[in-house]
Amino acid sequence: MNKQITGEIKDRLAVANKIVIASHVRPDGDAIGSLLGLGLALRDAGKSVQMVLADGVPSSFKYLEGSELIHKEPKGDHDTFITVDCADFKRVGKVFENFGQPDINIDHHVTNEKFGKLNLIEAEEVATSAILTNHLPEWGLKITKPIAAALLTGVITDTLGFRTSNTTPEALRQAATLMESGVDMPEIYMRALVRKTFPAAKFWGAGLSSLESKNGIVWGTLTVADRKAAGYGGNDDADLINMISSIDGNKVGMVFVEQNNNHVKISWRALAPGVNVSPVAKHFQGGGHAAAAGADIEGSLSEVQNEVLKKTRELLNL
0 MNKQITGEIK DRLAVANKIV IASHVRPDGD AIGSLLGLGL ALRDAGKSVQ MVLADGVPSS
60 FKYLEGSELI HKEPKGDHDT FITVDCADFK RVGKVFENFG QPDINIDHHV TNEKFGKLNL
120 IEAEEVATSA ILTNHLPEWG LKITKPIAAA LLTGVITDTL GFRTSNTTPE ALRQAATLME
180 SGVDMPEIYM RALVRKTFPA AKFWGAGLSS LESKNGIVWG TLTVADRKAA GYGGNDDADL
240 INMISSIDGN KVGMVFVEQN NNHVKISWRA LAPGVNVSPV AKHFQGGGHA AAAGADIEGS
300 LSEVQNEVLK KTRELLNL
């Protein structure tokens, strides 16, 4: 079935001239990597391409060549609309409310709602960037060094540096293929997962001092006041969730990030075999996959935290 779909996608891309590519709000490394990887490949093939992230590119990923080409909203007309790494169309953001059905939907989330005209969903792959690593050459699109750097960023971040339980031999082969394009994998690993700015490190400190653990769940809390005190410019958790994922003796890791608009962003990570956090995020109109998921919920920090912790324990039998 996928061979038929990939063939149809190749044909659709061949006749496309003005392309808009989007990924989800709160973009992670795979959203950015798959968007940039596909976008740059199509630009190199002579297409007019707009790459759009409603929330923009986090500062931690601006090291990627071409990231300056990503905008917060589309402009002008288009003949082809593509989404990448987005399980639910609503998660591309309000800037696409009037765009209609995407022509192509490429994703690796098992929860993908197949909202495109053509849906390439490969849930066995560790990242959407991994899907593109396999298929770009089939579509006649070259993987240059900047494209390989973007795709490798997606693979590394979605596997937390090949540490998640869904890491496969195929994922390592894909990484090797991308390295053969001249990419410095240790450098990308450090930039994507390890290095932090001073404000981000201070923000981490606030989150670490808030840590709590109960009934198999470990969680941290980041407030608007913490963000201001640290001088951190983002609305995310500065990847604190990845650090919490290394804490032993728990089944689920979580971070609650208070926003200015009476919303709270939540990240979940599965820390034990057999734990699937995706249904919890989906319950709160979020998205993700078994090992990692997220949601954005309206309400005060205390209200949201109490409700989400209760429902997480209930749905995961903790």
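Each residue of the sequence shown is one higher than the last, beginning at 0 in numbering that gives the first Met the number 0.
Heads up, the beta-carbon is just placed ideally off N, CA and C, and yes, glycines get one too.
My assumption, with CB atoms under 8 Å, is that residue i sits in contact with residue j. Please give the rounded CB distance.
i, j, result
"Val263", "Asp235", "Val263 to Asp235, Cβ: 12 Å. No contact."
"Leu314", "Pro272", "The pair is not a contact, with the Cβ atoms about 17 Å apart (cut-off 8 Å)."
"Val276", "Ala294", "The pair is not a contact, with the Cβ atoms about 10 Å apart (cut-off 8 Å)."
"Val217", "Ala170", "Their Cβ separation, rounded to whole angstroms, is 26 Å, which puts Val217 and Ala170 out of contact at 8 Å."
"Val362", "Gly99", "Residue 362 is absent from the structure shown; the chain starts at 0 and stops at 317."
"Asp157", "Asp29", "4 Å"
"Gly233", "Pro57", "6 Å"
"Val94", "Glu72", "4 Å"
"Leu119", "Asn214", "That pair is no contact at about 39 Å."
In chain order, what residues of the same chain lie with their CB nearer than 7 Å to the CB of residue i, ignoring the 5 residues before and after it?
i, result
"Tyr62", "Arg190"
"Asp87", "Glu112 and Gly286"
"Asp183", "none"
"Ala280", "Trp267, Gly286, Gly287, Ala292, Gly293 and Ala294"
"Gln284", "Ala294"
"Thr127", "Asp29, Ser33, Val83, Asp84, Ile105, Asp106, His107 and Gly153"
"Asn241", "Leu159 and Leu192"
"Pro185", "none"
Give me, in chain order, the residues of the same chain whose beta-carbon lies closer than 8 Å to that of residue i; leave out the 5 immediate sequence neighbours on both sides.
i, result
"Pro168", "none"
"Leu239", "Phe202, Trp203, Gly206, Leu207, Gly219, Leu221 and Val254"
"Val223", "Glu257, Gln258 and Asn259"
"Glu67", "Lys61"
"Arg11", "Thr79, Asp102, Ile103 and Leu117"
Tell me where the beta strand (DSSP E) around residue i begins and ends.
i, result
"Trp218", "Ile216 to Leu221"
"Glu320", "The structure shown does not extend to residue 320, since the chain spans only 0 to 317, so no value can be given for it."
"Leu177", "Looking at the DSSP string, Leu177 is not in any beta strand (DSSP E); the run it does join, the alpha helix (DSSP H), is Pro168 to Met178."
"Val97", "For the record, residue 97 in the displayed sequence is Asn; it is not Val. Note, Asn97: premise wrong, no beta strand (DSSP E); not H, not E."
"Arg268", "His262 to Ala269"
"Phe255", "Val251 to Glu257"
"Ala21", "Lys17 to Ala21"
"Lys213", "Glu211 to Lys213"
"Leu119", "Leu117 to Ile120"
"Asp236", "Run containing Asp236: none; DSSP gives neither H nor E here."
"Ser47", "Ser47 to Val51"
"Ile105", "Ile103 to Asp106"
Taking the alpha helix (DSSP H) that residue i belongs to, which residues open and close that run?
i, result
"Glu7", "Asn1 to Val14"
"Arg312", "Leu300 to Leu315"
"Lys144", "Lys144 to Asp157"
"Met189", "No alpha helix (DSSP H) holds Met189; DSSP gives it neither H nor E."
"Pro273", "The sequence given here has Gly at residue 273, not Pro. Taken as a continuous stretch (DSSP letters only), Gly273 belongs to no alpha helix (DSSP H), as it is neither H nor E."
"Arg42", "Gly28 to Asp43"
"Leu207", "Phe197 to Ser208"
"Leu239", "Leu239 to Ile243"
"Ala130", "Checking the displayed sequence, the identity of residue 130 turns out to be Ile instead of Ala. Its alpha helix (DSSP H) spans residues Thr127 to His134."
Short of 6 Å in beta carbon distance, which residues of its chain neighbour residue i, apart from the five on each side in sequence? Order them along the chain.
i, result
"Ile142", "Leu135 and Ser180"
"Gly65", "Leu35, Leu39 and Pro145"
"Gly115", "Pro101, Ile103 and Asn104"
"Pro198", "Ala229, Gly230 and Tyr231"
"Thr163", "Ala290"
"Asn305", "none"
"Lys318", "Residue 318 cannot be examined here, being either before or after the span of the chain that is shown, 0 to 317."
"Gly252", "Val217, Ile243, Ser244, Arg268 and Leu270"
Exercise for the section: Spell out a yes or no on whether the stretch 118-131 and the stretch 141-152 are touching, meaning 3 or more CB-CB pairs, one atom from each, closer than 8 Å. Expected result: The stretch 118-131 and the stretch 141-152 touch, with no fewer than 3 CB-CB distances between them shorter than 8 Å.
Exercise for the section: Determine contact between the stretch 202-213 and the stretch 171-187, defined as no fewer than three beta-carbon pairs at a distance below 8 Å. Expected result: Touching, no, given that fewer than three Cβ pairs across the two stretches are closer than 8 Å.
Problem - Three or more C-beta pairs below 8 Å linking the stretch 301-316 and the stretch 97-114 - result: No, the stretch 301-316 does not touch the stretch 97-114.
Problem - Within the stretch 53-94, ranges of the beta strand (DSSP E) (whole runs, at least 3 residues) - result: The stretch 53-94 contains these whole beta strand (DSSP E) runs: 79-83.
Problem - Given 8 Å, three or more beta-carbon pairs between the stretch 4-24 and the stretch 80-98 - result: Touching, per the Cβ criterion.
Handout entry: Given 8 Å, three or more beta-carbon pairs between the stretch 32-39 and the stretch 132-146
Key = Touching, yes.
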